[in-house]
Structures are given as structure tokens and as C-alpha cells.
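Since the structure comes first, as C-alpha cells, the remarks are kept for the end.
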Amino acid sequence: MVWGALALFFLVVVAATLSIRDGHKVRGISSAIDASAYYAVKPLTATEQAFFRLIESSLPGYVILAQVDAKRIVRTKRSKSHQHFNRVAQLSLDYVICRRDFSVVAAVELDDPSHDRERQKTRDEKKDAMMKAIGVRLIRLTSDAIRRNLTCASKCLAKTSEGKAGRWPRRKMRE
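The sequence shown: position 61 = 62 (the numbering used here), numbered continuously.
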């Protein structure tokens with residue numbers, strides 16, 4: 002009788018384990034990669050690529066990084082908790098302009114129409130506050146204005162490369 006109960010218990014445990022394992026596979030929790038589920042994409046849109054080329058040509062002595070996670074350029078002070086870091090860890094910057102030693106000079110954000118949504122405005126405010134806190138200039142440009150006025154954008158970037166703290170012509174760039 003005891004052996005029968007143990008055998009039944011063993012079968013129930015095995016069945017439950019197999020059921021859970023199969024359930025994970027059905028729900029996609031398996032650690033295996035299904036190659037048919039993925040495809041490659043360009044990391045930058047056509048507008049972002051064009052602006053990247055513009056920045057590169059305008060700032061020949063600088064290193065330009067695209068699509069940079071904020072956590073790559075921001076750290077919290079030891080006395081502060083990870084809570085502060087987590088507030089900005091998921092943010093990213095369109096471009097980061099660095100000196101040859103990879104110290105950060107400025108960051109550039111291309112604001113397309115999605116930046117008019119409330120959720121994106123909140124993220125933008127976080128980025129603005131984060132960059133101000135670390136003392137790095139964040140330059141915001143609308144993607145439409147850049148397409149229409151690449152010359153103006155080039156001049157503005159040239160001022161940044163010269164270390165001038167001149168204001169960006171928002172009236173012209175944010176049309």
C-alpha cells in the first residue's frame with residue numbers, strides 16, 4: 002500500500018513537472034531562441050542617418066555615438082540609492098558628442114512628432130533634468146526642421162565644437 006501511494010505521488014510530480022515545462026514552451030518562456038521570430042533592422046531611421054552624417058562632417062575632431070543608453074554616461078553618487086539610477090536607466094539619447102578621450106561634450110535629441118505625446122514629454126523632462134544634473138548640454142532639434150534647414154543645424158553644431166555656449170536658434174529649428 003505504501004509503495005502504491007509513493008508510486009502515485011511520483012507520477013503526479015512527474016506529470017506536473019512535464020506540464021509546467023511544456024506550458025513554458027507554449028507561452029514562450031523557454032530560453033531557446035526561435036530564429037524565425039527575428040529579423041535585422043537598421044539602428045537609425047533615414048532622418049537619424051542623415052543627421053548622423055551631418056554631425057560627423059561638422060565635428061571632425063569628435064567622436065559621435067548614436068542611440069546611447071543613458072546608463073552609459075550617468076552614474077549615481079555613492080550616497081544615493083539605485084532608486085535614482087532606475088529613474089533614468091531606461092532612457093536613451095539619440096546622439097552623444099564626445100572628445101577623443103570619450104568624455105561627453107553634449108547630447109542631441111531629434112524630436113519628431115511623437116515627442117508631443119504626454120508620455121514622451123515626461124521622458125523628455127527626465128532627460129533634460131538628468132543632463133542638467135551631470136552638467137552636459139542637451140540639444141533638442143525637431144526632425145522636420147533639420148530636414149528643411151541642415152545648414153543652420155551644421156552652423157549650430159560647429160559652435161558646439163568651438164566650445165561656444167551660444168544659444169541654438171530654436172525659432173528657426175522648431176518651425
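Positions of the beta carbon are idealized from the N, C-alpha and C atoms, including for glycine.
Residue of the options minimising C-alpha distance to residue i
i: M131; options: C99, S82, R76; result: R76
i: K133; options: S58, V89, A67, S37; result: V89
i: A67; options: A33, P61, C99, F86; result: C99
i: T123; options: Q91, G136, A108, S104; result: Q91
i: E110; options: H85, S32, D129; result: D129
i: T48; options: D113, P61, F103; result: D113
i: S93; options: G62, A51, L139; result: L139
i: V105; options: Y63, R79, A33; result: Y63
i: L142; options: I135, T46, A108; result: A108
i: P61; options: D35, R101, K72, L45; result: R101
Helix, strand or coil at residue i according to DSSP, with G and I counted as helix
i: V69; result: strand
i: T48; result: helix
i: I140; result: strand
i: L94; result: strand
i: V75; result: coil
i: A41; result: coil
i: I34; result: coil
i: S58; result: helix
Range of the contiguous alpha helix (DSSP H) that encloses residue i
i: T123; result: 119 to 135
Other residues of its chain near residue i: CB distance less than 8 angstroms, five sequence neighbours each side excluded
i: I65; result: F53, I56, E57, Y96, V97, I98, C99
i: H83; result: T77
i: P44; result: A67, Q68
Start-to-end residues for the beta strand (DSSP E) that takes in residue i
i: V109; result: 105 to 112
Residues bridged to residue i (per DSSP)
i: V64; result: C99
Same chain, Cβ closer than 6 angstroms to residue i, neighbours up to 5 away in sequence not counted
i: D70; result: S93
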